[in-house]
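Asker: Residue numbers (our numbering), protein chains in the order written: chain A, 3 to 120; chain B, 5 to 118.
Have a look at the structure that comes next, please.
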């Protein structure tokens, strides 16, 4: 089945630094990927949709300059948290939509990346 | 506004007991419905989905869910819970237009007592 790999799984950084999280579709091509953010004990909130070859689409209230998303190829999307601050600490999860009969709504999720900003 | 509500934040059941996790949604039309499970520090795994047809859907790990249009509900059930079922469970809805963008409920934490 489809596999989405996320790296790193856990990152700790100092306040003011930038952190890049990679999301790869291992055995399929994904022209679209979704980035979610999950606070402790809370639900997943869609942050943005990355599109291969074009700009990402951000959800309302998400800072584009803070969360830079790049969809460099059909198998790689990256999320860069710029000038990270403690309030950016969270669990970030990427996902890719299914294809064919499964439909775009059947998402395959990465294992997530836990960011801790000191 | 579109939303998903999981009324129970935390549920504790004994191993071997039956389980029902509630999910209610608010949507303009009948959406696609999903249940996902998340183990600590892990990504989400799809348990089951409803697109159309039979309103009782079977999923993995012995789970099933029933879509009730009149109640805007999609409750998850399991006849006999195993200790390994302890996890966070999320109900989600997606647009029939197949955009792939899901709206998630707040999640229900399931604790299983030995």
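Just so you know, even glycine gets a beta-carbon here, dropped at the ideal spot from N, CA and C.
Who are the near neighbours of residue 12 of chain B in its chain, counting only those whose CB is closer than 8 Å to its CB and skipping five residues on each side?
Answerer: In the second chain, the residue the question calls residue 12 of chain B occupies position 8. Excluding positions up to five away in sequence, the list reads 25, 26, 112.
Asker: Which complete beta strand (DSSP E) runs does the stretch 42-116 of chain B hold, if anything under 3 residues is left out?
Answerer: You should have 48-54, 60-62, 68-72, 77-82, 91-98, 106-108.
Asker: Between the C-alpha atoms of residue 114 of chain B and residue 34 of chain B, what's the straight-line distance to the nearest angstrom?
Answerer: Counting from 1 along the second chain, the entry for residue 114 of chain B is found at position 110. Counting from 1 along the second chain, the entry for residue 34 of chain B is found at position 30. Distance between the alpha carbons of residue 114 of chain B and residue 34 of chain B: 27 Å.
Asker: What distance in whole Å lies between the Cβ atoms of residue 117 of chain A and residue 83 of chain A, which are believed to be in contact at a cut-off of 8 Å?
Answerer: Numbered from its first residue, the first chain carries residue 83 of chain A at position 81. Numbered from its first residue, the first chain carries residue 117 of chain A at position 115. Sure, about 6 Å apart at Cβ, within 8 Å.
Asker: Grab me the residues of residue 50 of chain B's own chain with a C-beta within less than 7 Å of its C-beta, minus the 5 sequence neighbours each way, in chain order.
Answerer: Position 46 of the second chain, counting from 1, holds the residue named residue 50 of chain B. The answer, listed in chain order, is 38, 40.
Asker: Name, going along the chain, the residues of the stretch 58-74 of chain A whose beta-carbon falls closer than 7 Å to a beta-carbon of chain C.
Answerer: As a matter of chain content, chain C is missing from the structure shown, whose protein chains are A and B.
Asker: Grouping DSSP H, G and I as helix and E and B as strand, with all else coil, what is residue 4 of chain B?
Answerer: Residue coverage of chain B in this structure runs from 5 to 118, which leaves residue 4 of chain B outside it and unanswerable.
Asker: Taking the alpha-carbon of residue 67 of chain B as reference, which of B/110, B/79, B/56, B/75 has the nearest alpha-carbon?
Answerer: As a first step, residue 67 of chain B is located in the second chain; it is residue number 63 there, counting from the start. Nearest option by C-alpha distance: B/79.
Asker: Let's see if you can read the secondary structure: which residues bound the beta strand (DSSP E) around residue 24 of chain A?
Answerer: For this step, residue 24 of chain A is matched to residue 22 along the first chain. Taken as a continuous stretch (DSSP letters only), the beta strand (DSSP E) holding residue 24 of chain A covers 21-27.
Asker: Taking the beta carbon of residue 99 of chain A as the centre, do at least 16 other beta carbons fall within 10 Å, making it buried, or is it exposed?
Answerer: Counted from its first residue, the first chain places residue 99 of chain A at position 97. Residue 99 of chain A should be labelled buried.
Asker: Is residue 88 of chain A helix, strand or coil when you go by DSSP?
Answerer: If you number the first chain from 1, residue 88 of chain A lands on position 86. Reduced to three states, the DSSP call for residue 88 of chain A is helix.
Asker: Under 7 Å, Cβ to Cβ, is there at least one residue of chain B near residue 56 of chain A?
Answerer: Taking the first residue of the first chain as position 1, residue 56 of chain A is located at position 54. By this cut-off, residue 56 of chain A is not an interface position.
Asker: Which of helix, strand or coil does DSSP assign to residue 10 of chain A?
Answerer: Counting from one through the first chain, the residue named residue 10 of chain A turns up at place 8. Of the three classes helix, strand and coil, the one that applies to residue 10 of chain A here is coil, per DSSP.
Asker: If you measure from the beta carbon of residue 46 of chain A to each beta carbon in chain B, is any gap under 7 Å?
Answerer: The sequence position of residue 46 of chain A within the first chain is 44, counting from 1. So, interface residue.
Asker: Leaving out five residues on either side along the sequence, give the residues of the same chain with a beta carbon under 6 Å from the beta carbon of residue 32 of chain A.
Answerer: Position 30 of the first chain, counted from the first residue, corresponds to residue 32 of chain A. Contacts found: 98.
Asker: Find out if the Cβ-Cβ distance for the pair residue 18 of chain A, residue 85 of chain A is shorter than 7 Å.
Answerer: Translated into positions along the first chain, residue 18 of chain A becomes position 16. Translated into positions along the first chain, residue 85 of chain A becomes position 83. Yes, the Cβ-Cβ distance between residue 18 of chain A and residue 85 of chain A is below 7 Å.
Asker: Is the CB-CB distance between residue 26 of chain A and residue 77 of chain A below 7 Å?
Answerer: Here residue 26 of chain A corresponds to residue number 24 of the first chain, with the count starting at 1. Here residue 77 of chain A corresponds to residue number 75 of the first chain, with the count starting at 1. In this structure, residue 77 of chain A lies closer than 7 Å to residue 26 of chain A by Cβ.
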